[in-house]
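Residue numbers (the working numbering): 1 to 229.
This is the structure in structure tokens:
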């Protein structure tokens, strides 16, 4: 019942308090587009942040309404929650460009894969999320969305008509609860798996999913979940 004290339910049973936020999505690739697809209908403003404003503006124009574009520092400054929808190798540059992300809830989507996608480049004694938290010690880092292919997000967060599962981990309980509520308000399933160190396991699950999707040719309309939770 952790969410209830932060986001009380309305009489209709829906979570309140997760609308009217600004979500900064850093990146202009397929994952960024997928996140905007999932969240654009949930009553929140979205701003794409990029070092290439013209690319961000072009992506934003495909959504209209409450979706806009800005530089990385400006997007972060406006945001309640920041999503890192960039490759892991770009995380250092993004954190620097964002000015450190102090005080921000930062959702890390990255997967530190080897160049040939044969497995993780780092782990299991650390994770991409923990390394990003070290780069941005004053941010509230939450791992999430990295186990989903971009095509699943662009399909509204559904796999074969079923809402996909977002695995979450973080050390700040309030930040994790806020991201969890946002995920559920967007119609997806959320499972909180533990503190930020649990991102090591989440990233391993993502590596397995990538291996199934690409290495074994299962395609990208797949996603991991747990039955009974």
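C-beta atoms are modelled at their ideal positions from N, C-alpha and C, and glycine is treated no differently. Only a predicted model underlies this, so the values are computations on that prediction, with no experimental measurement involved.
Setting aside the 5 residues that flank it on each side, residue 166 is surrounded in the same chain by 144, 145, 183, 188, 190, each with a C-beta closer than 6 Å to its C-beta; the list follows chain order. Beyond the five residues adjoining it in sequence on each side, residue 138 comes within less than 8 Å, by CB distance, of 100, 101, 102, 103 in the same chain, given in chain order. Just so you know, the alpha carbons of residue 225 and residue 158 end up roughly 12 Å apart. Following the DSSP letters along the chain, one finds residue 61 inside the alpha helix (DSSP H) bounded by residues 53-61.
Under the DSSP assignment, residue 181 falls in the alpha helix (DSSP H) whose first and last residues are 173-185. Sequence-distant Cβ neighbours of residue 120 in its own chain, meaning closer than 8 Å and more than five residues away, are 111, 112, 113, 114, 203, 204, 207. In the three-state reduction of the DSSP assignment, residue 199 falls in the helix class.
A straight-line Cα-Cα distance of about 30 Å links residue 180 and residue 118. Around the beta-carbon of residue 229, fewer than 16 other beta-carbon atoms lie within 10 Å, marking it exposed. If you ignore the 5 residues before and after residue 195, its C-beta comes within less than 6 Å of the C-beta of 171, all in its own chain and listed in chain order. For residue 140, the number of other beta carbons within 10 angstroms of its own is at least 16, and it is reported as buried. Below 8 Å, enough C-beta pairs join the stretch 73-89 and the stretch 22-32 to call them touching: three or more. When secondary structure is reduced to three states using DSSP, residue 163 falls in the strand class. Comparing alpha-carbon positions, the option among 197, 91, 65, 153 lying closest to residue 124 turns out to be 197.
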